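FYI, in my numbering the residues of the sequence shown are 242 to 378.
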Amino acid sequence: MDSVYLTPQAGRRFEALRLFQTPHCGVLFGHTRARTFIVEDCLTTGEDILSDPSVYYSLCRIYGNEIIGFFSTQKNDAFIQSLLCPPAFGKIVLLLGADGPQKKEIASYTIGFNGEFFLEQISFEGMGDINDEHSAE
């Protein structure tokens, strides 16, 4: 996959998370179309989502292939390192406010493997107009 797009609902959810001073981390829900990850929603879970594999695999049983990645509202090296593991391979990582608190830049990556796990930056294509419910259809 080469790019990431946020639906209006996901865009609103991330805008709301930026209102809080407390950092948030969690999983991303969505699907892929052609070579694009379409992020539809998120669930705040805390930094340790992959520290207990049974919790992550339980989420996978509940949501199936809808889990397409992970997010954080701050650039957190410990969170990023926790994602560099087999269960996260092929998923995306969005760092909201990657350019500082209250900023709107979103850095987007995929988790790859070439002898060791790594993040590879991919294009963030933006989001639908948050005032138009049908712009992502």
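We put the CB at the ideal spot given by N, CA and C, even for glycine.
Because the structure is a prediction, the values reported are computed rather than measured.
Where R254 falls, given that 16 or more other Cβ within 10 Å makes a residue buried
Looking up residue 254 in the sequence shown gives position 13. The residue in question, R254, is buried, as its Cβ has 16 or more Cβ neighbours within 10 Å.
Residue span of the alpha helix (DSSP H) that contains I303, given as start and end:
Here residue 303 refers to the residue found at position 62 of the sequence shown. Its alpha helix (DSSP H) spans residues 294-304.
Roughly how far, in whole angstroms, is the beta-carbon of L335 from the beta-carbon of V268, given that I think they are within contact range, below 8 Å?
To locate residue 335, count along the sequence shown from 1; it is residue 94. To locate residue 268, count along the sequence shown from 1; it is residue 27. At roughly 11 Å, the Cβ-Cβ gap does not stay under 8 Å, so L335 and V268 are not in contact.
Does the region 348-368 touch the region 299-307, meaning 3 or more C-beta pairs lie closer than 8 Å?
no
For F311, count the other beta carbons within 10 Å of its own beta carbon; 16 or more makes it buried, fewer makes it exposed. Which is it?
Counted from its first residue, the sequence shown places residue 311 at position 70. Counting Cβ neighbours within 10 Å, F311 comes out buried, since at least 16 surround it.
From what residue to what residue does the alpha helix (DSSP H) around G252 run?
For this step, residue 252 is matched to residue 11 along the sequence shown. Run containing G252: 249-258, per the alpha helix (DSSP H) assignment.
For I279, which residues of its own chain have a beta-carbon under 6 Å away from its beta-carbon, when the five flanking residues on both sides are left out?
Mapped onto the sequence shown, residue 279 falls at position 38. Cβ neighbours of I279 beyond the five flanking positions: Y246, G271, H272.
Under a three-way DSSP split, which group does L269 fall into?
Counted from its first residue, the sequence shown places residue 269 at position 28. Correct three-state label for L269: strand.
Is it the case that the Cβ atoms of F320 and F354 are separated by a distance below 7 Å?
Locating residue 320 in the sequence shown gives position 79, counting from the first residue. Locating residue 354 in the sequence shown gives position 113, counting from the first residue. It is not a contact, given that the beta carbons lie outside the stated cut-off.
I'd like to know whether the C-beta atoms of L360 and T314 end up nearer to each other than 7 Å.
Within the sequence shown, residue 360 is the residue found at index 119, counting from 1. Within the sequence shown, residue 314 is the residue found at index 73, counting from 1. No.
Proximal residues to S292 (C-beta, below 8 Å), its chain only, five neighbours per side dropped:
Taking the sequence shown and counting its residues from 1, one reaches residue 292 at position 51. Around S292: S323.
Going straight from the alpha carbon of P294 to that of P327, what length do you get?
As a working note, residue 294 is residue 53 in the sequence shown. As a working note, residue 327 is residue 86 in the sequence shown. Approximately 11 Å, taken between the alpha carbons.
On a CA-only basis, which of K316, L284, D318 is nearest I303? Give me that one, please.
As a position in the sequence shown, residue 303 is number 62, starting the count at 1. It is L284.
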